[in-house]
Structures are given as structure tokens and as C-alpha cells.
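J.:
Have a look at this one:
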């Protein structure tokens, strides 16, 4: 009887290890690519530069369907191609920055990039001296570079957590189970920190924006909730789609205020950050709903800390 009871858990153990190993391998692969992007983003600031020309810039769409809810989401992406020459060889790249996302449900994000990178315009790329085919037009670190390593951790950490929790529960080992619960709490806390950081950044910009310098701009696109404007700061043209910092998409319905407040070709006043003119908005102050993201981050963080400081000690008594 004892031998039989020992063999059954072993088969289940093997299944758990094999299943979680698949997630670990995928997580490790994404994490490796993400760390590589982070390294390249950091190193690219010191890379040599070369003049380039924009070959094409178009907005592409893709559809994702949810069979259960019978809903679909449209993803918009700005497909840009740059041509540059290093020595006697010519290269082509579509990389704007390392870690860039493939697309967004917000069409205005893609439209901003399409206006910013108009065909036949001249730009500068930073290229890897060891491999000139690796180049980007926006060198340096960007928050988008964190998504890929974050996705790797999103696969790897829950897989490890599930494995640890399984062995802790199946062996009635409270200490091992506590380790798994600690990882569970850490996931919630990490999500909370990310949301809180993003939300507080937008709130800080919203509070500071009334004191920022202003520039003259013009509406270049206005449809529904979507508005894109052009402005000049420090002698350079910029494009943005931010009405107010912390804005949250209201949904797929049309916002009647946008076409009436910001019709096409209307001249507007834009506030922009003196430290980074790319950061700008049409209206100073926080947007309606700007507190949702930091509040959600605080809720995730508090829950994670509560599990860590109260749930785990109660479990191990």
C-alpha cells in the first residue's frame, strides 16, 4: 500500500514538472530577448550615428477575436522603414527603439508615429559598430523595453510558484508552501508597483503641466476620441495625441467633445515639458479618471503586502 501511494504522487510530480518546465522555457526565452533589448537600449546611446531616410510609413491593422465574448479588438501599428549606409554597404531597418511594442488598440498612437516619420524625411540612426544591421532611430532606454522581460517573468515566476506550492501542499510542508505564497504575493506587489509608478508619473506631469512652457500647435487629425496635434518646441517639430495626462480611453463610442473642441486644422496652445519636449498635452492638469491607475496599483500592492506580512505568518504557525 505504501509503495502504491508513493508511485502515484511521483507520476503527478513528473506531470507538474514537465508542464511547468514548458512555461519556464518560454519565460526564459522571452527574458533573454528582453535583457538583450535592455542592454542594446543602454549601449545605443554611445553607438556611432549615420544619416538615414524614411522609406515608408504606414499604419497597419490586425484583428484579435475572443470566441467566448464574441468580441474583437483591432490593433494598430505604425510600420516604418529606414534606409541608411555604413561604409560601402546599405542597410534597412524598421526599428525605432529597442523593445518597441508591436501595436496598440489606440489608433492615435500609430498616427502620431506616422506623422512623426513621414516618408522621404531625413533622420539619424544609431547603429551597433559590431553589427551595423542593428540600428534604431531613438537610442537609449524606453519604458517599452521592460515589457518583454516582464512577459518572461510573467511566464517563469508563476510556473516556479505553482511547482513550489504543489510540492509544499502534496508533502504537507508548510515552509515550502509559504515560499510559494511569498512568490504569489510578490507577483501582486510587482504589478502594483508598475501600475503605481505609471499612474503617479502621469499625475506628477498633470500637476506640473500648468507651469510648463507653451507652444503654438495645430490639429492634424480629429475623429471621435482621437486627436493628433503638431507643435514646435526649441526649433523642432513634434507630434502628440495627449489631451490631458492620465487620460483613459472611454471605449469604442465616439466622444462628441473632440470634433467640436479640436476640429481639423485648428490652431491650439500646447504645454510641453522643458526637460523633454516630446512630453506634451493640449490641456494642463489631470484628466478625468487619472486616479484609476494609481489606485489600482495601490490595491495590488497592498494585497501583496498583506499576504506577505499576515497571510504567510498565519499559515506557518
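Numbering (the numbering used here), first residue to last: 2 to 318.
Think of the CB as a built atom: it goes at the ideal place given N, C-alpha and C, for glycine as much as any other residue.
Just so we're clear, the structure is a prediction, and the values are computed from it rather than from any experiment.
Just curious, the alpha helix (DSSP H) that residue 166 is in, first and last residue?
T.: Stepping through the chain shown from its first residue, residue 166 is reached at position 165. 148-171 is the span of the alpha helix (DSSP H), which, as asked, contains residue 166.
J.: Consult DSSP for residue 248 and reduce its assignment to one of helix, strand or coil.
T.: If you number the chain shown from 1, residue 248 lands on position 247. Coil at residue 248, not helix or strand.
J.: Could you tell me which residues DSSP pairs with residue 83 in its beta bridges?
T.: Translated into positions along the chain shown, residue 83 becomes position 82. In DSSP, residue 83 forms a bridge with 55 and 94.
J.: Looking only at its chain, what residues have a beta carbon closer than 7 Å to the beta carbon of residue 178, apart from the 5 residues adjacent to it on each side?
T.: The residue labelled residue 178 in the question sits at position 177 within the chain shown. Cβ neighbours of residue 178 beyond the five flanking positions: 166, 169, 170 and 316.
J.: Just curious, the beta strand (DSSP E) that residue 295 is in, first and last residue?
T.: On the chain shown, residue 295 is found 294 positions in, with the first residue counted as 1. Unbroken run through residue 295 is the alpha helix (DSSP H), 293-307; no beta strand (DSSP E).
J.: Quick one: using the 10 Å Cβ neighbour count with 16 as the cut-off for buried, is residue 278 buried or exposed?
T.: Taking the chain shown and counting its residues from 1, the one referred to as residue 278 is at position 277. Residue 278 is buried by the Cβ-count criterion.
J.: Please name the residue or residues paired with residue 319 in a DSSP beta bridge.
T.: Not covered by the structure: residue 319. The range shown for the chain is 2 to 318.
J.: Can you name the start and end residues of the alpha helix (DSSP H) that residue 274 belongs to?
T.: Numbered from 1 along the chain shown, position 273 holds the residue referred to as residue 274. Residue 274 -> no alpha helix (DSSP H), and no H or E assigned at all.
J.: Taking 8 Å as the threshold, find out whether the stretch 98-109 comes into contact with the stretch 144-152 through three or more Cβ pairs.
T.: Touching, yes, given that three or more Cβ pairs across the two stretches are closer than 8 Å.
J.: Nearest to residue 128 by CA position, among 105, 122, 88 and 155, is which residue?
T.: The count along the chain shown starts at 1 and reaches residue 128 at position 127. Here the closest residue by C-alpha is 88.
J.: Nearest to residue 301 by alpha carbon, out of 194, 34 and 202?
T.: Here the question's residue 301 lines up with position 300 in the chain shown. Ranking the options by Cα distance to residue 301, first place goes to 194.
J.: Since residue 185 and residue 164 are thought to touch, with beta carbons under 8 Å apart, how far apart are those beta carbons, to the nearest angstrom?
T.: The sequence position of residue 185 within the chain shown is 184, counting from 1. The sequence position of residue 164 within the chain shown is 163, counting from 1. Not confirmed; about 13 Å, so no contact.
J.: Quick one: give me the first and last residue of the beta strand (DSSP E) that residue 233 is part of.
T.: Within the chain shown, numbered from 1, the residue matching residue 233 stands at position 232. Run containing residue 233: 227-234, per the beta strand (DSSP E) assignment.
J.: Helix, strand or coil for residue 101, going by three-state DSSP, please let me know.
T.: Within the chain shown, the letter at position 100 stands for residue 101. Reduced to three states, the DSSP call for residue 101 is coil.
J.: I need the DSSP call for residue 107, collapsed to helix, strand or coil.
T.: Mapped onto the chain shown, residue 107 falls at position 106. Residue 107 falls in the coil class under three-state DSSP.
J.: Does DSSP classify residue 240 as helix, strand or coil?
T.: Working through the chain shown from its first residue, we reach residue 240 at position 239. In the structure shown, residue 240 sits in a strand (DSSP, three-state: E or B).
J.: Would residue 247 and residue 287 qualify as a contact pair, given that the criterion is a beta-carbon distance under 7 Å?
T.: Within the chain shown, numbered from 1, the residue matching residue 247 stands at position 246. Within the chain shown, numbered from 1, the residue matching residue 287 stands at position 286. For residue 247 and residue 287, yes; Cβs fall inside 7 Å.
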